[in-house]
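Residue numbers (this note's numbering): -4 to 536.
Working notes, structure below.
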Amino acid sequence: MGGNADAARAFREIADLLDVLGEKFKPEAYRRAARSIDSLTEELSAVAARDQLREIPGVGQAIEEKIREFLREGTIPYLEKLRREIPPGIVALMRISGIGPKTARRFWTDLGVDGPATLVAAIDAGRLEGLSGFGPKKIAKVREALAAAPSDSRRRPLREAARVAQEIVLHIRAGAPVDQIEVAGSLRRRRETVGDLDILVTSAESEKVLDRFAALPGATIVLRGPTKETIRTADGLQVDLRVVPSESFGAAWQYFTGSKDHNIATRSLARDRGLKINEYAVMRGEERLPSATEAEIYRSLDLPWIPPEIREAQGEIEAAQAGTLPRLLESSDLLGELHLHVAPGDGPERWEAQLASPVTAKLQYVGFVASELAQLSALRSWVRERTVGRVAILVGWESTPSSVDSPPAGEVDFRVLRPEGPPPKPEARRVGTGPVWVGHLGIDPEDSNGAQRLSDWVAWGLRHSVALEVTPAPFSEGLDAVAARKFAEAGGHLIVSEATLGPDRSLGLAVGTARRGWIGPGPVLNARPWRTGSGDWPPPK
DNA sequence: GCCGTTTTCGGCCCGACTGTTTTCAGTCG
-4 MGGNADAARA FREIADLLDV LGEKFKPEAY RRAARSIDSL TEELSAVAAR DQLREIPGVG
56 QAIEEKIREF LREGTIPYLE KLRREIPPGI VALMRISGIG PKTARRFWTD LGVDGPATLV
116 AAIDAGRLEG LSGFGPKKIA KVREALAAAP SDSRRRPLRE AARVAQEIVL HIRAGAPVDQ
176 IEVAGSLRRR RETVGDLDIL VTSAESEKVL DRFAALPGAT IVLRGPTKET IRTADGLQVD
236 LRVVPSESFG AAWQYFTGSK DHNIATRSLA RDRGLKINEY AVMRGEERLP SATEAEIYRS
296 LDLPWIPPEI REAQGEIEAA QAGTLPRLLE SSDLLGELHL HVAPGDGPER WEAQLASPVT
356 AKLQYVGFVA SELAQLSALR SWVRERTVGR VAILVGWEST PSSVDSPPAG EVDFRVLRPE
416 GPPPKPEARR VGTGPVWVGH LGIDPEDSNG AQRLSDWVAW GLRHSVALEV TPAPFSEGLD
476 AVAARKFAEA GGHLIVSEAT LGPDRSLGLA VGTARRGWIG PGPVLNARPW RTGSGDWPPP
536 K
């Protein structure tokens, strides 16, 4: 207890409880503060010690006081008071699809329902019939939603969401007349986890697109209108599709990419200058301004185009206004890929195939990583016998700090440390030859000390000038954007690996994660030529 | 509850869809 995540959770709970009470604007204010706290790169206690809590977007006097109470006492009296007023089951009711604060409150006040279980009983007893606003269809929907598995709403890891989205885009393209089709939402912003998918289409025949979308194998239609359709995949993931005219594409893409806070901020800017932005266009009174591209939308606000990965209302708008938006990492900045795994049974044929993939072929150097001595020796002989290609082949060795196997001196070009438990003694990075970095560093959701362990490794990397890795699986197998940003801002170096988890580099999820952390090419080692000589990479501080 | 180089008070993004409505409320994103 006492960490940023716990504080954010407390404020979200306050927001939910205030929703039940019918408060109009306070819930959003608490949620905004919670989102800001989640994206902080340091502990609240450190910000409080500097007396800078009010600098956090969405934190004013009242929430500052509550943060201090939370840091001091581990709880917030206001939250305790709300908890005493409202049965915990009421918040659970609002989690059910189709039930919002108004409905949950009515169940509570009109029917004495205090949670999902008593709601089921009330429906079975026919007590919803005759309640104004509740016809047979609505009652059936509530009953259905109560029976549905709650796990349906779980957020998916970025990589899983990206793959599903890619499949759906291909499915639609293959069977409907699509002009433009793009992913929006948190997937486009490369959030570490994705709650649902948003897909945007322009087409002259929207009916055909909606039909094709609904025909996705295993999908069930949640709702369908003339321009909007929502489905749930066989796996339970919700996917929204919107069809807009091509002249509205920029406005729609900007709008559906979010984030919510970013949209509120941009729309406020628009209002300040007498404009109105909706998902169809920027309007000045009755006059429609150019809205076909995102750049046009931002231009109407006198802003440069803002990369989607940093659209979180965490300073990007101010930076855009000041002309100080960071130059973010691009896939084309990466000169090397250093984490192609060697799987059991792999041989030269497969390695050559990986090298021949269109993305890898553009690189200057590629590193294959072995974790068994037999693999290492097979790799070595392949590299020796191989006729020299354009791409330099490097051989790496991956092991845990406690591993007993050790490659012969001079046989490896670099070493990858796979974290296992707490950071090792500093000597660990001195074993063997060549540069060392930490790969596969993430948080095991089962590990309650995961966040602490991550932060220990980040500190260790900084202290010993050891690079950390960003991968397409932030959180579970690589730094998340916040950790990467914190590390880079403190002077740490990064390895950005798209291929750690397979050869498909095309989605750019590792680069996206780095961009989300406001990271440019500067701290990224594999955006530099491979180091020459026998020195460290980067040099020790 | 937060916020402000037009504001320290009066705003707070805004439209699609559904179900129950004779004109709109609630939910959702």
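Quick reminder that beta carbons are idealized off the backbone N, C-alpha and C, glycines included.
Residue i, buried or exposed, once every other Cβ within 10 Å from all chains shown has been counted against 16
i: lysine 357; result: exposed
i: asparagine 444; result: exposed
i: phenylalanine 65; result: buried
i: arginine 268; result: exposed
i: valine 217; result: exposed
i: valine 519; result: buried
i: glycine 434; result: buried
i: proline 414; result: buried
i: leucine 123; result: buried
i: glutamine 47; result: exposed
i: glycine 340; result: exposed
i: serine 492; result: buried
i: serine 146; result: Confidence is the limiting factor: at serine 146 the pLDDT is only 49, short of 50, which leaves the residue's position unreliable, though a coordinate-based value still follows. It is exposed - the Cβ of serine 146 has fewer than 16 other Cβ atoms within 10 Å.
i: glutamine 56; result: exposed
i: aspartate 14; result: buried
i: arginine 90; result: exposed
Assigned secondary structure, residue i (DSSP; H/G/I helix, E/B strand, else coil)
i: tryptophan 513; result: coil
i: arginine 279; result: strand
i: serine 146; result: Any reading at serine 146 must be qualified, since the residue scores a pLDDT of 49, below 50, and its modelled position is unreliable; the value itself is stated next. Three-state DSSP puts serine 146 in a helix.
i: arginine 268; result: coil
i: tryptophan 300; result: coil
i: phenylalanine 409; result: strand
i: glycine 331; result: strand
i: glutamine 175; result: strand
i: alanine 308; result: coil
i: tryptophan 392; result: strand
i: alanine 537; result: Because the chain in this structure spans residues -4 to 536, residue 537 falls outside the shown range and cannot be described.
i: leucine 284; result: strand
i: alanine 214; result: coil
i: alanine 24; result: helix
i: alanine 120; result: coil
i: alanine 365; result: strand
i: tryptophan 622; result: Shown here, the chain extends from -4 to 536; a query on residue 622 therefore has no answer.
i: proline 111; result: helix
i: arginine 322; result: coil
i: proline 52; result: coil
i: lysine 61; result: helix
i: aspartate 1; result: helix
i: arginine 45; result: coil
Residue i - partner residues in DSSP beta bridges
i: alanine 462; result: Trp432
i: valine 519; result: Leu489
i: alanine 29; result: None, per the DSSP bridge assignment.
i: alanine 479; result: Note: alanine 479 sits in no beta bridge, so no partner.
i: aspartate 235; result: Asp193 and Thr225
i: alanine 387; result: Tyr360
i: proline 152; result: Thr188
i: arginine 552; result: The requested residue 552 does not occur in the structure, where the chain is confined to residues -4 to 536.
i: glutamate 336; result: Per the sequence shown, the amino acid found at residue 336 is histidine instead of glutamate. DSSP, once it has assigned bridges, lists Val364 as partnering histidine 336.
Residue from the options whose Cα sits closest to the Cα of residue i
i: glycine 245; options: Ala199, Tyr293, Ile81 and Pro52; result: Tyr293
i: isoleucine 226; options: Arg237, His257 and Ala214; result: Ala214
i: alanine 346; options: Ala315, Arg510, Ala509 and Val390; result: Going by the sequence as given, residue 346 is tryptophan instead of alanine. The shortest Cα separation from tryptophan 346 among Ala315, Arg510, Ala509 and Val390 belongs to Val390.
i: lysine 248; options: Ser181, Pro212, Glu311 and Arg283; result: For the record, residue 248 in the displayed sequence is tryptophan; it is not lysine. Of the candidates Ser181, Pro212, Glu311 and Arg283, the one whose C-alpha sits nearest the C-alpha of tryptophan 248 is Ser181.
i: threonine 104; options: Ser198, Leu16, Arg27 and Asp191; result: Leu16
i: threonine 252; options: Ile71, Ala179 and His488; result: Ala179
i: serine 460; options: Pro430, Pro467 and Pro469; result: Pro430
i: lysine 97; options: Ala29, Val378 and Leu12; result: Leu12
i: aspartate 297; options: Glu307, Tyr275 and Leu264; result: Leu264
i: proline 418; options: Val407, Arg410, Asp408 and Leu436; result: Leu436
i: asparagine 258; options: Leu126, Thr197, Gln309 and Gln349; result: Gln309
i: tryptophan 513; options: Leu502, Ile9 and Asp475; result: Asp475
i: serine 243; options: Asn273, Leu165 and Lys136; result: Asn273
i: aspartate 451; options: Ala135, Gly416, Arg154 and Leu211; result: Gly416
i: phenylalanine 409; options: Leu335, Pro343 and Arg458; result: Leu335
i: valine 238; options: Arg379, Arg100 and Ser198; result: Ser198
i: glycine 487; options: Gly342, Ala135 and Trp432; result: Trp432
The ligand SAM heavy atom lying under 7 Å from the CB of residue i
i: isoleucine 194; result: For the structure depicted, the ligand SAM is absent and the ligand set is empty, with no information on it obtainable.
#### Entry: At least 3 beta-carbon pairs within less than 8 Å: the segment 360 to 378 vs the segment 400 to 410
Output reads yes: the segment 400 to 410 touches the segment 360 to 378.
### Query
Okay, do the segment 165 to 174 and the segment 200 to 211 touch, 3+ Cβ pairs below 8 Å being the bar?
yes
### Message
Under 8 Å: do the segment 470 to 485 and the segment 322 to 332 share three or more Cβ pairs, one atom per stretch?
### Response
no
### Query
Between the segment 33 to 52 and the segment -4 to 14, do at least 3 Cβ pairs fall closer than 8 Å?
yes
### Task
Assess, as a yes-or-no matter, whether the segment 462 to 479 is touched by the segment 182 to 194 under the definition of 3 or more beta carbon pairs within less than 8 Å.
yes
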